[in-house]
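Here's the structure we're looking at; comments come further down.
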Amino acid sequence: MGGMTDVRVLVDGLRIVESPRWHDGRLWFCHWGAGVAMAVDAEGRAEVVLDDPAVDPHTIGWLPDGRLLVVPKNQDAGRRLLRREPDGTWVAHADLSGLPAGLNELVVDGRGNVYVNGAGFGLLEFMRDLDPDDPRPLTQRPGYAPGFIALITADGAVHQQRFDIAFPNGMAVTADNGTLIVSESFAGCLTAFDIAADGSLGNRRVFAGGIGPDGICLDADGAVWTSDGGTAAVRVAEGGQILDRVELDRPPFAVMLGGDDGRTLFMLAAQWNPQDPFGGTTGRVLATTAPAPHVGWP
């Protein structure tokens, strides 16, 4: 197992940072608590790229033609997937009101299919009410409900695909559009599905267990970068072998490979306080060099 120590801080003093995507020469990410999306280059030059209270980005992605997609954090006005048109206007890409509450992550594949997942329950309330002395698994605690993955096809139609996902988090699609991998954070594993020609999911199986995955990305060796459930980012092979580990001083919420050659590993980390999740400023964007370049989506 390799260890990587040349970690540098690109941006500091943020709140909760999530949904990193390498796009058009920069790392884009959502800055939860500030209600904006930001972008930073490899030298640490950062700027706000989306500041619209009506949007308040929770997770982002791009269609193959370059139009931006956003799941808004505030879903009180209705669960929906928004699309930004070339003239800057926002339109509804899909009506998600038929899905359970708790929308979380999205990934767009190379064909323009969009996969959106959700917890199926109110995560912040669930975490605030957790009894630290309760020995039961999180999936057996009061307030838990199974999560889901939904497919939105290019015509905007919503197809509920899979349920019984133990708090779905980050997702990635392989470069051949043939496999979707999702973090089941409450089950401590990465789960893989085959993707059929129509975008539907089948052949569910465990990709890797024994970790605490959140946001994920894929590399050219077929490995997945994610969190270990503690304060390290890990590179895990199918079957569960940890190939590389990056030790941090705070938990990584999400990771993304990017840079000119795809070998820069960006890690979004912060201290998590469920009693005041967006009140601190421990959020950081960190970077190091990875052994294999990025492939697939996001």
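In my numbering, the protein residues as written are 9 to 306.
Glycine included, each C-beta is placed from N, C-alpha and C at the ideal position.
Remember, it's a predicted structure, so these values are computed and weren't measured experimentally.
Between D206 and A262, the C-beta gap is not smaller than 8 Å, which leaves the two residues out of contact.
In the three-state DSSP reduction, T199 falls in the strand class (E or B). Between L114 and H101 a beta carbon distance of about 10 Å is seen, past the 8 Å cut, so the two are scored as non-contacting. P306 sits buried, since 16 or more C-beta atoms from the chains shown fall within 10 Å of its C-beta.
Proximity of the segment 133-141 to the segment 158-171 falls short of the contact definition, fewer than three beta-carbon pairs being nearer than 8 Å.
Rounded to whole angstroms, the gap between the alpha carbons of H39 and H31 is 16 Å.
G130 and N112 have their C-alpha atoms roughly 11 Å apart.
The alpha-carbon separation between A127 and T67 amounts to approximately 14 Å. Taking the Cα positions, T290 is about 8 Å away from A277.
The three-state reading of DSSP puts R119 in coil, since its state is none of H, G, I, E or B. Following the DSSP letters along the chain, one finds L132 inside the alpha helix (DSSP H) bounded by residues 131-136.
In the DSSP assignment, E192 falls within the beta strand (DSSP E) that extends over 187-192.
Every beta strand (DSSP E) of 3 residues or more that sits fully in the segment 221-301 is shown, in chain order, as 225-227, 232-235, 240-244, 250-255, 260-266, 272-277, 291-297. Judged by pairs of C-beta atoms under 8 Å, the segment 249-261 does not touch the segment 190-209, as fewer than three such pairs exist.
Using a Cβ distance threshold of 8 Å, A162 and N121 count as a contacting pair. For N82, same chain residues with a beta-carbon under 8 Å away, outside a window of 5 residues either side, are D64 in chain order.
DSSP places L77 within a strand segment (E or B) once states are collapsed to three.
Approximately 7 Å separates the beta-carbon atoms of V57 and W36; this is inside 8 Å, confirming the contact. Here L146 carries a helix assignment [DSSP, helix/strand/coil]. Annotation for P176: the continuous beta strand (DSSP E) segment containing it runs 176-181. The continuous stretches of beta strand (DSSP E) do not include R23, and DSSP gives it neither H nor E. By the Cβ neighbour-count rule, A62 is exposed, with fewer than 16 other Cβ atoms within 10 Å of its own.
Nearest C-alpha to D95 among L294, G270, V79, R75: R75. Scanning the segment 91-116 from its first residue to its last, the whole beta strand (DSSP E) runs of 3-plus residues come out as 98-103, 111-116.
Within the model, the alpha-carbon separation for R87 versus T97 is close to 18 Å. Secondary structure at T67: strand, using DSSP grouped into helix, strand and coil. Looking at the DSSP output, I160 bridges to V122, V166.
R292 sits close to L22, with the two beta carbons spaced by under 8 Å.
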